[in-house]
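Take a look at the structure set out below.
2 protein chains.
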Amino acid sequence: MAAYIQTVMETRRYARVLARLRSVGLRPTRQRLALARLLFDGGNRHVTAEQLHSEALEANIRVSLATIYNTLHQFTRAGLLREVVVDHGRAYFDTNTKEHHHFLFEDSGRLQDIPSKGVTVTGLPAAPSGTTVSRIEVIIRLREHGSSQ
Amino acid sequence: MAAYIQTVMETRRYARVLARLRSVGLRPTRQRLALARLLFDGGNRHVTAEQLHSEALEANIRVSLATIYNTLHQFTRAGLLREVVVDHGRAYFDTNTKEHHHFLFEDSGRLQDIPSKGVTVTGLPAAPSGTTVSRIEVIIRLREHGSSQ
DNA sequence: TCAATAGTTTAGAACAATTCCAAACTACTT
DNA sequence: AAGTAGTTTGGAATTGTTCTAAACTATTGA
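Right, here's the structure in full:
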């Protein structure tokens, strides 16, 4: 019985991810389905390519790192992910594509969403002519105190 | 006469840069003096290591890329520069160390200062406990329209 | 003024994240 | 079932940056 419910939920999740991929015109391949589920089943996340790769391997999904990169970029282009750049070296992909901002823990490089509720930036000059604002990004850099640093 | 004035100004600039290096405890070497002048003579700038390197070579200053990196980091640590991260791959160094924000032209990767006058971010939640805010960074991403993209 | 020394510079190797490539593979169409 | 267009892959290539150990130079103090 529990197993049955399990299966139903499984199937439903699968269908949802599949529909999602189809809707953005990406073939639902084994790899993309698996990665989509790692990314989107569960709460919002910030992952690097390497992280997602190890997660996949741990979950016994055979994917190459090249595919991880391809997929992350395709998903980003499709609006399923958003890329966040906070320190050079690594790119984070955020499963939360809604308007929001970030706390950055400088020591660990970890990111945390700031619910955008009520956060406003005021007093900005107009965008230079010939341009439009594609996004406003607010990053609050945090230093952990008490720690070694 | 013009030449004389030229020389005086030269000397003064030199003295200023030299004092600046001394004051942060860096030996005024040939390379550092030259780079400091490329960076700080003239208005505020945003440079990458590569850019500064080619500029130096064009100005007939023989410096290695390693020294460019060393110098940029030392200057940053000394508070003479501020590092800005906007897209992975390259690090920008900003000669404006005052509190301010940036326009980022997505197509070209170019940065432009936003005079911080009046820009305020409101409605932010408190910093997570155990941390202090080291800086708030606002980046306004711009898309150039009319252009190919 | 010179030698000692501590800080700097350098070329080149090493590194890390990412992209590129061309061949093998697979989902979809007919 | 075959064709084809889209995908995946390992490995090589690229890019920006850091490391290393040897050569060099500014500073100090005799």
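Read top to bottom, the protein sequences are chains P and A. Heads up, the first sequence stops at 1107 in the numbering used here, and the numbers go up one at a time, no gaps. Heads up, the second sequence stops at 1107 in the numbering used here, and the numbers go up one at a time, no gaps. C-beta atoms are modelled at their ideal positions from N, C-alpha and C, and glycine is treated no differently.
- Within the stretch 1066–1086 of chain A, contact with chain P at the beta-carbon level (separation under 8 Å) is assigned to Gln1070, Ile1072, Pro1073, Lys1075, Gly1076, Val1077, Thr1078, Val1079, Thr1080, Gly1081, Leu1082, Pro1083, Ala1085 and Pro1086.
- Rounded to whole angstroms, the Cβ separation of P/Leu1039 and P/Thr1025 is 15 Å, and the two are not in contact under 8 Å.
- Under the Cβ distance rule, A/Val1044 counts among the residues neighbouring chain P, one pair being separated by less than 9 Å.
- Using a Cβ-Cβ cut-off of 7 Å, P/Glu1064 is close to Ser1092 of chain A, given in chain order.
- Short of 7 Å from the beta carbon of P/Gln1032, and not among the five residues preceding or following it, lie these beta carbons of its own chain, in chain order: Leu984.
- Within chain P, no C-beta atom comes less than 9 Å from the C-beta of A/Ala1024; the nearest is roughly 17 Å away.
- Distance from the CA of A/Thr1053 to the CA of A/Gln1009, rounded to the nearest whole angstrom, comes to 14 Å.
- Across the set A/Gly1067, A/Leu1023, A/Val975 and A/Arg980, the C-alpha of A/Val975 shows the shortest separation from the C-alpha of A/Gly1000.
- Around the beta carbon of P/Thr1089, 16 or more other beta carbons lie within 10 angstroms, which makes this residue buried.
- Between the C-alpha atoms of A/Gly1047 and P/His1046 there is a straight-line separation of about 6 Å.
- With 16 or more other CB atoms across the displayed protein chains lying within 10 angstroms of its CB, P/Leu1100 is buried.
- Taking a cut-off of 8 Å for Cβ pairs, the stretch 1013–1025 of chain P and the stretch 1013–1028 of chain A do not touch, as fewer than three such pairs fall below it.
- Here A/Glu1095 carries a strand assignment [DSSP, helix/strand/coil].
- Under the 10 Å beta carbon count, P/Leu993 is surrounded by 16 or more other beta carbons and is classified as buried.
- Against chain A, the beta carbon of P/Arg1099 has neighbours under 8 Å at Val1091, Ser1092, Arg1093, Ile1094 and Glu1095, listed in chain order.
- Inclusion of A/Ala977 and A/Thr1006 in the CB contact set at 9 Å is not warranted, their separation being larger than that value.
- Per DSSP, the beta bridge partners of A/Asp1045 are A/Arg1048.
- About 17 Å separates the beta carbons of P/Val1042 and A/Val1079, which is beyond the 8 Å limit, so they are not a contact pair.
- By the criterion of a C-beta distance shorter than 7 Å, P/Glu1102 is surrounded in its chain by Phe1063 and Asp1065, once the five residues flanking it on both sides are discounted.
- Per DSSP, reduced to three states, the secondary structure at P/Val966 is helical.
- At a cut-off of 9 Å between beta carbons, A/Arg1048 contacts chain P.
- A/Thr1029 sits buried, since 16 or more C-beta atoms from the chains shown fall within 10 Å of its C-beta.
- Within chain P, the C-beta atoms nearer than 7 Å to that of A/Phe1061 come from Pro1086, in chain order.
- For the options A/Ala1036, A/Arg1093, A/Gln989 and A/Asn1002, the alpha carbon positioned closest to that of A/Leu1015 is the one of A/Gln989.
- Cβ-Cβ distances below 8 Å link A/Ile1098 to His1059, His1060, Phe1061, Leu1062 and Ile1072 in the same chain, with the five nearest sequence neighbours on each side left out; the list follows chain order.
- Distances from the CA of P/Gly1037 to each of P/Ala961, P/Arg971 and P/Ser981 were compared; the closest alpha carbon is that of P/Ser981.
- Annotation: the continuous beta strand (DSSP E) that includes A/Arg1068 extends over Arg1068 to Ile1072.
- Look at A/Thr1053 here: in three-state DSSP terms it is coil, with no helix or strand label.
- For A/Leu996, there is no enclosing beta strand (DSSP E); the enclosing alpha helix (DSSP H) covers residues Arg988 to Phe998.
- The C-beta distance from A/Glu1057 to A/Ser1074 rounds to 5 Å, short enough to fall under 8 Å.
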